[in-house]
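A.B. asks:
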Amino acid sequence: LGQHGPYGTERRAPLVHSSGSVTLTLGIPEGRVGLVIGRHGAVVNQIKELLGVSIQISRKGEAAEGGGQDRTCRVSGPREAVEIARQLIHQKIEGVPDA
Numbered sequence: 090l091g092q093h094g095p096y097g098t099e100r101r102a103p104l105v106h107s108s109g110s111v112t113l114t115l116g117i118p119e120g121r122v123g124l125v126i127g128r129h130g131a132v133v134n135q136i137k138e139l140l141g142v143s144i145q146i147s148r149k150g151e152a153a154e155g156g157g158q159d160r161t162c163r164v165s166g167p168r169e170a171v172e173i174a175r176q177l178i179h180q181k182i183e184g185v186p187d188a
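Residues in the sequence shown are numbered from 90 upward in steps of one, following the numbering used here.
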């Protein structure tokens, strides 16, 4: 998604521009975390770069908020971008092809 320029990788502008940053916390089942992260972080990095959001996923073994077996995923950024990221993450969790 980025292009290499004289000062390193140049980032494209996010597709969603909105004021007002929000943070959304999601639970991701342990067995599905790899689908969200992708090989070498490809999926999560693509979502972050495309939408201009920050995504943090708890490490294996860290206690999830509210207990349970899910890993905690925090998505922060403009409200519209966070909502789109939530939808993309849910598609990955549910195994929707080409999501």
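Don't be surprised by glycine CBs; every beta carbon is placed ideally from N, CA and C.
Applying the 10 Å Cβ sphere with the 16-neighbour rule, what's the burial state of LYS137?
C.D. replies: With 16 or more Cβ atoms within 10 Å of its Cβ, LYS137 is classed as buried.
A.B. asks: Could you tell me whether the Cβ atoms of GLY127 and GLY166 are closer together than 7 Å?
C.D. replies: No; because the gap between Cβ atoms is not below 7 Å, this pair is not in contact.
A.B. asks: Exposed or buried, ARG160, counting other C-beta atoms within 10 Å across all chains shown (16 or more means buried)?
C.D. replies: It counts as buried.
A.B. asks: Comparing C-alpha positions only, which one of GLU151, HIS129 and LEU115 sits nearest to ILE182?
C.D. replies: Closest option to ILE182, Cα to Cα, is LEU115.
A.B. asks: If the criterion is Cβ atoms closer than 7 Å, does the pair VAL164 and LEU113 meet it?
C.D. replies: In contact: VAL164 and LEU113 (Cβ atoms closer than 7 Å).
A.B. asks: For SER147 and CYS162, what's the separation of their Cα atoms in angstroms?
C.D. replies: Roughly 6 Å separates the two Cα atoms.
A.B. asks: Within 10 Å of its beta-carbon, does ALA131 have 16 or more other beta-carbons around it, so buried, or fewer, so exposed?
C.D. replies: Counting Cβ neighbours within 10 Å, ALA131 comes out exposed, since fewer than 16 surround it.
A.B. asks: Determine the direct distance from the alpha carbon of GLY120 to that of GLU151, and round the result to whole angstroms.
C.D. replies: The alpha-carbon atoms of GLU151 and GLY120 are separated by roughly 15 Å.
A.B. asks: Buried or exposed for GLY94, please, with buried defined as at least 16 other CB atoms from any protein chain shown within 10 angstroms of its CB.
C.D. replies: Legend: pLDDT at GLY94 = 46, less than 50; position of this residue unreliable, value from coordinates given subsequently. So GLY94 ends up on the exposed side.
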